[in-house]
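Peer 1:
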Amino acid sequence: MVTDILGQISRVMRQCKFRFRTVSISHLLEVQEAVENLIRQGLINEQLYKNWHFYLSTNNNLPEAETIIIVAMPQPITRLIFEWQGNTFSAEIAPNYIFEEDESRVEENLNAVLSQYGYSIVKAHLALKTLAVRSGLAEYGRNNISYISEFGSFYRLIAFYTDYPCEDDNWGDAKVMKICENCSLCLENCPTGSISSDRFLIRAEKCLGTLNEREPDFPYWAQLQPDWINAFIGCMSCQSICPANKSFVSNILDGDAFSEEETYEILNKTPIVDLSEETRRKIEKFGIGKYLLLASNLSALIEKQILAKQKKSGL
Ligand code: SF4
Ligand code: SF4
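Start counting the sequence shown at 63; every next residue gets the next number (my numbering).
1. Among Ile295, Glu323, Gly317, which one has its Cα closest to the Cα of Lys352?
2. Work out the CA separation of Ile87 and Arg102 for me, nearest whole Å.
3. Regarding Ser256 and ligand 2, is the C-beta to nearest heavy atom distance less than 7 Å?
4. Between Leu100 and ligand 2, is the CB less than 7 Å from at least one heavy atom?
5. In the DSSP assignment, find the alpha helix (DSSP H) that holds Ile67 and state where it starts and stops.
6. Any contact between the segment 233-252 and the segment 192-206? By contact I mean 3 or more CB pairs, one from each, below 8 Å.
7. Is the number of C-beta pairs between the segment 221-236 and the segment 308-320 that are closer than 8 Å three or more?
8. Write down every uninterrupted run of the alpha helix (DSSP H) in the segment 220-281 whose length is 4 residues or greater and which is fully enclosed by it, in chain order.
9. Any idea if Ala186 is buried or exposed, counting beta-carbon neighbours within 10 angstroms, 16 or more meaning buried?
10. Can we count Ala186 as close to ligand 4, meaning its CB is less than 7 Å from some heavy atom?
11. Just verifying my parser: in three-state terms, what is the DSSP assignment at Arg343?
12. When DSSP labels each residue in this structure, what does Ala370 get in the three-state scheme?
13. Three-state secondary structure (DSSP) at Lys13?
14. Out of curiosity, what's the CA-to-CA distance linking Leu142 and His89?
15. Looking at ligand 1, does it come within less than 7 Å of Pro157, judged from the CB to the closest heavy atom?
16. Compare the C-alpha of Asp164 against each of Glu145, Ala306, Pro138, Ala96 and name the closest.
17. From the DSSP output, which residues share a beta bridge with Asp316?
18. When DSSP labels each residue in this structure, what does Ile160 get in the three-state scheme?
19. Should Ser197 be counted as a contact of ligand 2 given a C-beta to heavy atom distance under 7 Å?
20. Once you ignore the five residues that flank Phe144 on each side, which residues in its own chain have a CB closer than 6 Å to its CB?
21. Buried or exposed for Asn158, going by 16 or more other Cβ atoms inside 10 Å?
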């Protein structure tokens, strides 16, 4: 039977403004090796790696899987609002820390196409950035962040296994954006000196984004520099300055607003079980696991904004 499965997937993905690539499942071992290499260099949290289901154990839910479909969903920066001591403060959050409903839309759309032909899909817990750059869906920037020309670095990734045979295997070498050849803005704008001119890999042990992924809190040397903190979770300095993000960086989504009481609870690390259902719902959008990180970032952001206001008013 001649089908146009890829054409149909392309159409539904385009309608949703998503981008995708397919790769053969035979490359999973290479993904695993690439990620192990990153762990050896300290670029990926080992605990995170243990949560991924690699190679032989990877597709237990669909052992006959033949293809991985990797999808990118545009996701702008989100601005959150916090009421605190009679004033209003804002905190921005980078796209990859926000979890919205788009993921189920991707799954429903892929399922709608593939199930017509008797194929199934299951979500794949994999190293998504590695898959995106090796499939040609994205390219690396000098800052080790991945970019897609239509979205900049402001998107989220999701991957699925399917038993649909791989008709278009896009596996290849990871590429670095051409624009990086004559640019060093991220390097100059990195508060911790994590990006070097002499090597492609960032110094993960100093990167605020990576530290927020693996530390229960920022280490003392980072906490001594509240001026470095620029995001509710992680760090956005190298993405904000990047010319590849020029068309996207001012597209900011209004996120949740947190009342005085909710801000107090976050700053004081009130146990999650003691939060109201409404507050938990807001926190769940960036993952309950990140909850304890929020206090130090938020207090630094509030302090920075108070200082900026005082400076402006000449106090
Ligand atoms: S700031 Fe410049 S060097 Fe850094 S990732 Fe963006 S384009 Fe590349
Ligand atoms: S995320 Fe922040 S600390 Fe990490 S490389 Fe980018 S600018 Fe530097």
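Ideal Cβ placement from N, Cα and C applies to all residues, glycine included.
Peer 2: Taking the coordinates as given:
1. When only C-alpha atoms are compared, the closest one is Ile295.
2. The C-alpha of Arg102 lies about 24 Å from the C-alpha of Ile87.
3. Yes - ligand 2 has a heavy atom lying nearer than 7 Å to the Cβ of Ser256.
4. Closer than 7 Å to some heavy atom of ligand 2: that does not describe the Cβ of Leu100.
5. Taken as a continuous stretch (DSSP letters only), the alpha helix (DSSP H) holding Ile67 covers 67-77.
6. Contact between the segment 233-252 and the segment 192-206 is present: three or more C-beta pairs spanning the two stretches fall below 8 Å.
7. In this structure the segment 221-236 does not touch the segment 308-320; the number of beta carbon pairs closer than 8 Å is below three.
8. The qualifying runs are 247-251, 270-276.
9. With 16 or more other Cβ atoms within 10 Å, it is buried.
10. Of the ligands this structure carries, namely ligand 1 and ligand 2, none is ligand 4.
11. Correct three-state label for Arg343: helix.
12. Under the three-state reduction of DSSP output, Ala370 falls in the helix class.
13. Past the boundaries of the shown model lies residue 13; the chain is included only from 63 to 377, so the question cannot be answered.
14. Our two residues, Leu142 and His89, have alpha carbons roughly 39 Å apart in a direct line.
15. Relative to ligand 1, Pro157 has its C-beta separated by 7 Å or more from all heavy atoms.
16. Per the Cα distances, Pro138.
17. Beta-bridge pairing links Asp316 to Arg141.
18. Of the three classes helix, strand and coil, the one that applies to Ile160 here is coil, per DSSP.
19. At a cut-off of 7 Å, the beta-carbon of Ser197 does not count as near ligand 2: no heavy atom of the ligand is closer than that.
20. The answer, listed in chain order, is Phe151, Phe320, Thr325.
21. That one is buried.
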